[in-house]
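Number of protein chains: 2
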Amino acid sequence: MRGVVMYAPGDVRVEDREDPKIIEPTDAIIRITATCICGSDLWPYRGVEPVDHNPMGHEYIGIVEETGDDVKNVKVGDFVVGSFVISDNTCEICQAGFQSKCVHAEFVSQTIGTQAERARIPHADGTLVVTPGQPDEDLVPALLAASDVLGTGWFAADAAQVGPGKTVAVVGDGAVGLMAVLAARELGAERIIAMSRHPERQKLARHYGATDIVEERGEDGVAKIKELTGGLGAHSVVEAVGTQESFMQAVGATRGGGHLGYVGVNYDVKIPGIELFFAGIHTLGGPAPVRRYLPDLIQLIWDRKIDPGKIFDLTLPLEQAAAGYRAMDERRATKVLLTL
Amino acid sequence: MRGVVMYAPGDVRVEDREDPKIIEPTDAIIRITATCICGSDLWPYRGVEPVDHNPMGHEYIGIVEETGDDVKNVKVGDFVVGSFVISDNTCEICQAGFQSKCVHAEFVSQTIGTQAERARIPHADGTLVVTPGQPDEDLVPALLAASDVLGTGWFAADAAQVGPGKTVAVVGDGAVGLMAVLAARELGAERIIAMSRHPERQKLARHYGATDIVEERGEDGVAKIKELTGGLGAHSVVEAVGTQESFMQAVGATRGGGHLGYVGVNYDVKIPGIELFFAGIHTLGGPAPVRRYLPDLIQLIWDRKIDPGKIFDLTLPLEQAAAGYRAMDERRATKVLLTL
Numbered sequence: 001m002r003g004v005v006m007y008a009p010g011d012v013r014v015e016d017r018e019d020p021k022i023i024e025p026t027d028a029i030i031r032i033t034a035t036c037i038c039g040s041d042l043w044p045y046r047g048v049e050p051v052d053h054n055p056m057g058h059e060y061i062g063i064v065e066e067t068g069d070d071v072k073n074v075k076v077g078d079f080v081v082g083s084f085v086i087s088d089n090t091c092e093i094c095q096a097g098f099q100s101k102c103v104h105a106e107f108v109s110q111t112i113g114t115q116a117e118r119a120r121i122p123h124a125d126g127t128l129v130v131t132p133g134q135p136d137e138d139l140v141p142a143l144l145a146a147s148d149v150l151g152t153g154w155f156a157a158d159a160a161q162v163g164p165g166k167t168v169a170v171v172g173d174g175a176v177g178l179m180a181v182l183a184a185r186e187l188g189a190e191r192i193i194a195m196s197r198h199p200e201r202q203k204l205a206r207h208y209g210a211t212d213i214v215e216e217r218g219e220d221g222v223a224k225i226k227e228l229t230g231g232l233g234a235h236s237v238v239e240a241v242g243t244q245e246s247f248m249q250a251v252g253a254t255r256g257g258g259h260l261g262y263v264g265v266n267y268d269v270k271i272p273g274i275e276l277f278f279a280g281i282h283t284l285g286g287p288a289p290v291r292r293y294l295p296d297l298i299q300l301i302w303d304r305k306i307d308p309g310k311i312f313d314l315t316l317p318l319e320q321a322a323a324g325y326r327a328m329d330e331r332r333a334t335k336v337l338l339t340l
Numbered sequence: 341m342r343g344v345v346m347y348a349p350g351d352v353r354v355e356d357r358e359d360p361k362i363i364e365p366t367d368a369i370i371r372i373t374a375t376c377i378c379g380s381d382l383w384p385y386r387g388v389e390p391v392d393h394n395p396m397g398h399e400y401i402g403i404v405e406e407t408g409d410d411v412k413n414v415k416v417g418d419f420v421v422g423s424f425v426i427s428d429n430t431c432e433i434c435q436a437g438f439q440s441k442c443v444h445a446e447f448v449s450q451t452i453g454t455q456a457e458r459a460r461i462p463h464a465d466g467t468l469v470v471t472p473g474q475p476d477e478d479l480v481p482a483l484l485a486a487s488d489v490l491g492t493g494w495f496a497a498d499a500a501q502v503g504p505g506k507t508v509a510v511v512g513d514g515a516v517g518l519m520a521v522l523a524a525r526e527l528g529a530e531r532i533i534a535m536s537r538h539p540e541r542q543k544l545a546r547h548y549g550a551t552d553i554v555e556e557r558g559e560d561g562v563a564k565i566k567e568l569t570g571g572l573g574a575h576s577v578v579e580a581v582g583t584q585e586s587f588m589q590a591v592g593a594t595r596g597g598g599h600l601g602y603v604g605v606n607y608d609v610k611i612p613g614i615e616l617f618f619a620g621i622h623t624l625g626g627p628a629p630v631r632r633y634l635p636d637l638i639q640l641i642w643d644r645k646i647d648p649g650k651i652f653d654l655t656l657p658l659e660q661a662a663a664g665y666r667a668m669d670e671r672r673a674t675k676v677l678l679t680l
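In the order they appear, the protein sequences are chains A and B. Counting from 1, one number per residue, gives the positions in the first sequence under this note's numbering. Counting from 341, one number per residue, gives the positions in the second sequence under this note's numbering.
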């Protein structure tokens, strides 16, 4: 089969990879019908994270082609959306809603690699969610978004305890930040402040529910959030960039006793303990337990109540994945969908 | 009046200080009947935090001697317990339960200084809590403990979401850690693991409710907690030391999706963002909003349902404060009560 392999930072190739096979009785093989490039794929692309001939991609939707003997919840022909982290969905951690920390957790990225024609999904029963039927073509981008970027943005908003009457600040106008804006609206936030200085993304943020835009960053950004919130800071802050500056901007924008949800930090971030301490805030972060949210998100998409698919602003065939990486790296595209 | 002044690290003196006076109409002057030395007083004592001729002390109980014109909730002659952070208890942040981040928050330590015969307490209505009557002598240590060390330990346990059915690990066997053990028992924890290698403190931890003792530290400590919790880690972890090693030990001991409550970090702590991220845990820390818990804690003490006063293992007259600092610095005492 054809699949994306990142040889080294900046060096993305589409080449023949071995077809996946059932290894464990809990595996399923799916034929991928759409996949995409994630902001986090840019970390190895930019050399911030190690990479060496790794298969790439961890967002995927597709059709089940084969199942292991122990697979019960999905069957051949089912259309499925999967999380970017493998989970059994039965262990104590999964049952508590933290499937991304499942005792059988395994990252799909850089090992399985779903920027490819097929993929072996371990713990298929716990990882994949079957859609109500074969989706209409126009729902494909939205369902694909649920696999990570929507689920991650939703988790970030939930981790920040977004809810009615709350003011939310979203640091980051990338795909995850924009999805957090969408989630904040759905979760009933009163005011949603998107921190963005990119006109197109500001427009999309407004489309998804942002009530205010703040262009300032760092300490100026914090000061602006304070100004907009009677000096207190936001009840809920989502951090969706992952740099030292953006993380501390998010900490500073959160009111005492408020909640910060963060969904990615790079390897260089060192949080000064004393600053976090004196901020006096709740934090929750980590790889999002997308599996927790998938059934509800799929239903919202199926019922056309949310339109996360708009987040894709460039669509390319899998064979042109390298061009997709370049477009995202150069910020010419927010998120690239790869067709098969 | 007589009061403690720390001239420089290691240099603690008791000398004549000016008597406090009402400045704002919301102030009260209290005659302090007992005060104590806090683990955090050792930070400047050890040169980890700056100090330069600062009045010391932030834990206090006493009798109201004078009130400003706007003070309504406390009156002359009332016996009161106060928080170590000034709060109005009416602002939005206070109403949300985070009085230590009050819009009028001010630290009692190193400015007001309650290791003294008297103190001016700003925002007396919001900071002080009147006891049900004049306390019996045997309740004095317990009421004094409520002012910080009990309130802080309680907050730490609450921040770690301790509750029935939960396994709690407490990192640190100092006074706050031991009070967190007491709080964990009161909050109904199923299993309370105290991390301590000090025989006397282990004994006190058992007295307060610890069901298990772990002597290992750092990675070995984490491994031991994992071993005791089926490989998952504790649901709730309290960090009550504040060093780099202890903080990361606490992060590592918390299960995915679990809760870490931390109540002090020193200036050198730098939390690797990526480790916190992949831990996938909730955190809540900061100066404890003791004021939130004071009414309940005072009642528990008054009804003799808890005995936090046992935490004081050395009692000295105020004039011998320097000897008290030395005893705590050298770990010959867990916590020193100063009588007046």
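Glycine residues also receive a C-beta, built at the ideal position from the N, C-alpha and C atoms.
- Item | Beta-ladder partner(s) of K270 (chain A), from DSSP | B:P612
- Query: Just the Cα atoms here: how many angstroms apart are E24 (chain A) and P122 (chain A)?
  - Reply: Between the alpha carbons of E24 (chain A) and P122 (chain A) lies a gap of roughly 7 angstroms.
- For T67 (chain A), the three-state DSSP class (helix, strand or coil): strand
- Message: Tell me whether the stretch 83-92 of chain A and the stretch 604-617 of chain B touch, counting them as touching only if at least three CB pairs, one residue from each stretch, are closer than 8 angstroms.
- Response: no
- Query: Quick one, which of A:A159, A:W302, A:E245, A:V269 has its alpha-carbon nearest L260 (chain A)'s?
  - Reply: A:A159
- Simplified DSSP assignment, three categories, for F587 (chain B): helix
- Helix, strand or coil for E446 (chain B), going by three-state DSSP, please let me know. strand
- Message: Spatial neighbours of P475 (chain B) within its chain, please: C-beta separation below 7 angstroms, excluding the five flanking residues on both sides.
- Response: F419, L483
- What span of residues does the alpha helix (DSSP H) with M179 (chain A) cover, start to end? 175-186
- Query: Who pairs with D212 (chain A) in a beta bridge, going by DSSP?
  - Reply: DSSP output for D212 (chain A) lists A:I193 as bridge partner(s).
- Task: On the DSSP bridge assignment, give the partners of Y602 (chain B) in chain order.
- Result: B:E579, B:G625
- Cβ distance (whole Å) where A485 (chain B) is taken to contact V510 (chain B) below 8 angstroms: Contact between A485 (chain B) and V510 (chain B) is absent: CB atoms are separated by about 17 angstroms, not below the 8 angstroms threshold.
- Contact with chain B by D268 (chain A), beta-carbon distance below 9 angstroms: yes
- Kindly say whether T623 (chain B), judged by its beta-carbon, lies nearer than 9 angstroms to any beta-carbon of chain A. When Cβ-Cβ separations below 9 angstroms define contact, T623 (chain B) makes contact with chain A.
- Item | Cβ shell of L314 (chain A) (< 6 angstroms), same chain only, five flanking positions each side left out | Apart from sequence neighbours up to five positions away, the residues of its chain that approach L314 (chain A) with a beta-carbon distance below 6 angstroms are A327, A333, V336, ordered along the chain.
- How many angstroms separate the CA atom of I22 (chain A) from the CA atom of D560 (chain B)? 38 angstroms
- Message: Strictly by DSSP, which residues pair up with F419 (chain B)?
- Response: B:I403, per the DSSP bridge assignment.
- Query: What does F84 (chain A) reach in chain C if we use C-beta pairs closer than 9 angstroms?
  - Reply: Protein chains A and B are contained in the structure displayed, whereas chain C is not.
- Query: Quick one, are the C-beta atoms of P539 (chain B) and Q450 (chain B) less than 9 angstroms apart?
  - Reply: no
- Message: For Q249 (chain A), count the other beta carbons within 10 Å of its own beta carbon; 16 or more makes it buried, fewer makes it exposed. Which is it?
- Response: buried
- Task: Note down, in chain order, each residue of its chain lying with its Cβ closer than 6 angstroms to the Cβ of V521 (chain B), except the 5 sequence neighbours on either side.
- Result: Here the set comprises V510, I532, A534, A545, Y548, G549, A550.
- Message: So that I know if they touch, is there some Cβ in chain A lying closer than 9 angstroms to that of R631 (chain B)?
- Response: no
- Does DSSP put V344 (chain B) in a helix, a strand or coil? strand
- For T283 (chain A), which residues from the same chain have a beta carbon less than 6 angstroms from its beta carbon, with the 5 sequence-adjacent residues on both sides left out? So the list reads L260, once near-sequence residues are dropped.
- Contact set between S440 (chain B) and chain A, taken where Cβ atoms lie within less than 8 angstroms: For a Cβ distance threshold of 8 angstroms, residue set G256, G280 of chain A lies close to S440 (chain B), ordered along the chain.
- So, are the CB atoms of E15 (chain A) and R2 (chain A) less than 9 angstroms apart? yes
- Could you tell me which residues DSSP puts in a beta bridge with L300 (chain A)? DSSP lists no partner for L300 (chain A).
- Task: Name, going along the chain, the residues of the stretch 106-117 of chain A whose beta-carbon falls closer than 8 angstroms to a beta-carbon of chain B.
- Result: none
- Query: Can you list, in chain order, the residues of its chain whose CB lies under 7 angstroms from that of R525 (chain B), leaving out five sequence neighbours each side?
  - Reply: I532, Y548, G549
- Coarse secondary structure for G466 (chain B), derived from DSSP in three states: helix
- Tell me whether M248 (chain A) counts as near the ligand HEM, meaning its Cβ is closer than 8 angstroms to at least one heavy atom of that ligand. Only the bare structure without any ligand can be found here, which leaves the ligand HEM out of the picture.
- Query: Three or more beta-carbon pairs under 8 angstroms between the stretch 40-56 of chain A and the stretch 88-104 of chain A, yes or no?
  - Reply: no
- Query: If we call anything under 9 angstroms between Cβ atoms a contact, is A116 (chain A) one with V222 (chain A)?
  - Reply: no
- To the nearest angstrom, how far is it from the Cα of Y347 (chain B) to the Cα of V388 (chain B)? 15 angstroms
- Message: I'd like the list of long-range same chain contacts for N394 (chain B), defined as Cβ closer than 6 angstroms, with 5 residues on each side in sequence excluded.
- Response: Residues of the same chain with a CB within less than 6 angstroms of the CB of N394 (chain B), apart from the 5 flanking positions on each side, are M346, Q450 in chain order.
- Query: Going by beta carbon distance, what residues of the same chain come within less than 8 angstroms of T339 (chain A), once the five residues before and after it are set aside?
  - Reply: Taking T339 (chain A) as the centre and dropping the five residues before and after it, the same chain places the C-beta of A34, T315, L316, P317, L318 closer than 8 angstroms to its C-beta, in chain order.
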